[in-house]
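Participant: Mind having a look at this structure? Questions to follow.
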Amino acid sequence: MKLHRWIFIFEIVLTAACIFFCSCTSSVENADKQSSISLEQETSTGETDPLTSPILLGYYTGDENSYTALQDAAPYLNIVSADIYVVQPDGSVNGMDERGVLDWNAAHSIETYACVNNYNSDPTVNDFDAELAHTTLTINREKVIEELVKLAKAGGYAGINIDFENLAYSADIEDDRAAFTIFIQELTESLHANDLKLIISVPGKTNDSRDNTWAYPFDMLALGEAADHLQLMTYDQHGPWGEPGAVAGVDWVEACLEYAVSHVAPEKLLIGLPAYGYDWDLTASNISQNMYTAGDVSWKDFPALLEKDDTEMTWDPVSQSPYLTYSVEGHAHVVWFENEESIRVKTALVKKYDLAGISMWALGKEDASFWQVIWIELE
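Printed below as a string of structure tokens:
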């Protein structure tokens, strides 16, 4: 009887153990299956939705290098602004998608905007042209708006990105400010009537001073009410036009954001990140006359500078930006640039201020490490 009783007890224990083991195995398999499904849903297309995800916008500049960079960065991007169109004195818009960027983006679920600027490549100007902007905003306003809507519809673009700079032209800068606002309001109305959107590139600024003739013509409150997004050009804090300094110090960038969010809904704002720095040749510069010789350096070229024998790198704690010094052929140089940490601290401001996302200038200057920092920070 005892033997039978122990055999019976053993059978009960064995059955319970089998039930428990099968249940655990099933749970693990189901969890693995759900995890696999979730991962497949997340990675099968590599797509992000600009309506629900932070916007990651890159500027395509039209050359082969930028096109290759676009293809490499595609897993990170959900919007590309094709900076390949220029307004003309007669109100027409010149430019062409020679490399088929729009079709390539469409195949990879990336929205494309036609970026239109007022850059005059004539050697006598070779800059953003205030006169061209004035003609566009006043004399040719209706024709340009018609041309832009036609461009976006015929090309299959999601909308237009206006990048007009150097707007101060009139004797009274208030006239230039009003002219740009009216143009944007009318353009927005025409685009929205055709289910198209508008992004405006605006200079970073910390106040609305008339003395800042580069930024004052941009009425942030009015533009923010009209446009779908404002792309803040929170870079070029310093450049070849002045003394060396951070290209986009986080202290200055945040001050620009504080001003912007006080006038514009945060969900309409894109913070601008630079994939470049500037190299000042101090020996060739006339510092006493505030005249400097400098050129830009791309993110992907920074490592070569760091490998120079006499390079000394320093981290500026205020701007949270790196800079380095070196000399070549008797010329002293200072380079302010970006690295993973300086990009990370600026990207973190997206969450802090509940912004729509980031924009970067420009595709072809960066490498994968630039996007990886942003991607990790925005996760």
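According to the working numbering, the sequence shown holds residues 1418 to 1796 in order. Just so you know, even glycine gets a beta-carbon here, dropped at the ideal spot from N, CA and C.
State buried or exposed for residue 1550, treating a residue as buried only when at least 16 other CB atoms are found within 10 Å of its CB.
Facilitator: Residue 1550 sits at position 133 when you count from the first residue of the sequence shown. It is buried - the Cβ of residue 1550 has at least 16 other Cβ atoms within 10 Å.
Participant: Just grab the DSSP bridge partners of residue 1703 for me.
Facilitator: Here residue 1703 is taken as the residue at index 286 of the sequence shown, counted from 1. Answer is 1708, bridged to residue 1703.
Participant: Since residue 1578 is in the beta strand (DSSP E), which residue starts that stretch and which ends it?
Facilitator: Sequence index remark: in the sequence shown, residue 1578 carries index 161 (1-based). Start and end: 1576-1580.
Participant: Using DSSP's beta-bridge definition, name the partner residues of residue 1526.
Facilitator: Numbered from its first residue, the sequence shown carries residue 1526 at position 109. None; residue 1526 has no bridge partner.
Participant: Answer with buried or exposed for residue 1777, where buried requires no fewer than 16 other C-beta atoms within 10 angstroms of its C-beta.
Facilitator: Counted from its first residue, the sequence shown places residue 1777 at position 360. Flag for residue 1777 reads buried.
Participant: Out of curiosity, what's the CA-to-CA distance linking residue 1696 and residue 1707?
Facilitator: In the sequence shown, the residue the question calls residue 1696 occupies position 279. In the sequence shown, the residue the question calls residue 1707 occupies position 290. Roughly 16 Å separates the two Cα atoms.
Participant: To which residues of the same chain is residue 1570 closer than 8 Å at the C-beta, ignoring the five residues directly before and after it?
Facilitator: As a first step, residue 1570 must be located in the sequence shown, where it is residue number 153. 1611, 1613.
Participant: Please work out which residues of its chain come closer than 8 Å, Cβ to Cβ, to residue 1783, disregarding the five sequence neighbours upstream and downstream, and give them in chain order.
Facilitator: Taking the first residue of the sequence shown as position 1, residue 1783 is located at position 366. Within the same chain, residue 1783 has close Cβ partners 1486, 1490, 1692, 1715, 1716, 1717, 1777.
Participant: Hey, could you find the ends of the alpha helix (DSSP H) residue 1788 is sitting in?
Facilitator: Mapped onto the sequence shown, residue 1788 falls at position 371. Per DSSP, residue 1788 belongs to the alpha helix (DSSP H) from 1785-1795.
Participant: With the cut-off set at 8 Å, would you say residue 1504 and residue 1541 are in Cβ contact?
Facilitator: In the sequence shown, the residue the question calls residue 1504 occupies position 87. In the sequence shown, the residue the question calls residue 1541 occupies position 124. Not a contact, by the Cβ cut-off of 8 Å.
Participant: Note down, in chain order, each residue of its chain lying with its Cβ closer than 7 Å to the Cβ of residue 1509, except the 5 sequence neighbours on either side.
Facilitator: Sequence index remark: in the sequence shown, residue 1509 carries index 92 (1-based). Hits under 7 Å: 1564.
Participant: Three-state secondary structure (DSSP) at residue 1641?
Facilitator: The residue labelled residue 1641 in the question sits at position 224 within the sequence shown. Helix at residue 1641.
Participant: From the DSSP output, in three-state form, read off residue 1778 for me.
Facilitator: As a first step, residue 1778 is located in the sequence shown; it is residue number 361 there, counting from the start. Three-state DSSP puts residue 1778 in a strand.
Participant: Give me the Cα-Cα distance between residue 1642 and residue 1681, rounded to the nearest whole angstrom.
Facilitator: The count along the sequence shown starts at 1 and reaches residue 1642 at position 225. The count along the sequence shown starts at 1 and reaches residue 1681 at position 264. About 7 Å.
Participant: Check this for me: beta carbons of residue 1646 and residue 1753, under 8 Å apart or not?
Facilitator: Residue numbering aside, residue 1646 sits at position 229 when the sequence shown is read from its first letter. Residue numbering aside, residue 1753 sits at position 336 when the sequence shown is read from its first letter. For residue 1646 and residue 1753, no; Cβs fall outside 8 Å.
Participant: Quick one: what's residue 1617 bridged to in DSSP?
Facilitator: Here residue 1617 refers to the residue found at position 200 of the sequence shown. The partner list for residue 1617 (beta bridge, DSSP) reads 1579, 1647.
Participant: Compute the Euclidean distance between the alpha carbons of residue 1796 and residue 1700, then round it to the nearest angstrom.
Facilitator: For this step, residue 1796 is matched to residue 379 along the sequence shown. For this step, residue 1700 is matched to residue 283 along the sequence shown. Near 44 Å, if we compare the C-alpha coordinates of residue 1700 and residue 1796.
Participant: Residue 1670 to residue 1756, Cα distance in whole Å?
Facilitator: To locate residue 1670, count along the sequence shown from 1; it is residue 253. To locate residue 1756, count along the sequence shown from 1; it is residue 339. So the two alpha carbons sit approximately 16 Å from each other.
Participant: For residue 1679, which of 1649, 1638, 1704 has the nearest alpha-carbon?
Facilitator: Translated into positions along the sequence shown, residue 1679 becomes position 262. Of the candidates 1649, 1638, 1704, the one whose C-alpha sits nearest the C-alpha of residue 1679 is 1638.
Participant: Taking the C-alpha atoms as reference points, what is the distance between residue 1663 and residue 1685?
Facilitator: Mapped onto the sequence shown, residue 1663 falls at position 246. Mapped onto the sequence shown, residue 1685 falls at position 268. So the alpha carbons of these two residues sit roughly 26 Å apart.
Participant: Excluding sequence positions up to five away, which residues of its chain have a Cβ less than 7 Å from the Cβ of residue 1661?
Facilitator: Here residue 1661 refers to the residue found at position 244 when the sequence shown is read from its first residue. So the list reads 1655, 1697, 1751, 1753, once near-sequence residues are dropped.
Participant: Please confirm whether residue 1572 and residue 1608 have their CB atoms less than 8 Å apart.
Facilitator: Within the sequence shown, the letter at position 155 stands for residue 1572. Within the sequence shown, the letter at position 191 stands for residue 1608. Cβ distance not < 8 Å, so residue 1572 and residue 1608 don't count as in contact.
Participant: So which of 1496, 1649, 1632, 1623 has the shortest CA-CA distance to residue 1668?
Facilitator: Counting from one through the sequence shown, the residue named residue 1668 turns up at place 251. Per the Cα distances, 1623.
Participant: Given 8 Å as the limit, is there contact between the segment 1469-1488 and the segment 1759-1778, that is, 3 or more CB pairs closer than that?
Facilitator: In short, these stretches touch, since the Cβ pair count reaches three.
Participant: For residue 1457, which residues of its own chain have a beta-carbon under 6 Å away from its beta-carbon, when the five flanking residues on both sides are left out?
Facilitator: Here residue 1457 refers to the residue found at position 40 of the sequence shown. At residue 1457, the pLDDT of 32 sits below 50, so the modelled position is not reliable; the number obtained from the coordinates is stated separately. Result list for residue 1457: empty, nothing under 6 Å.
Participant: DSSP three-state call for residue 1534: helix, strand or coil?
Facilitator: Here residue 1534 is taken as the residue at index 117 of the sequence shown, counted from 1. In the structure shown, residue 1534 sits in a strand (DSSP, three-state: E or B).
Participant: Note the first and the last residue of the continuous beta strand (DSSP E) segment covering residue 1744.
Facilitator: Taking the first residue of the sequence shown as 1, we reach residue 1744 at position 327. Note, residue 1744: beta strand (DSSP E), 1738-1745.
Participant: I need the boundaries of the alpha helix (DSSP H) containing residue 1562, first residue and last residue.
Facilitator: Translated into the one-based positions of the sequence shown, residue 1562 becomes position 145. Counting along the chain, the alpha helix (DSSP H) containing residue 1562 begins and ends at 1558-1572.
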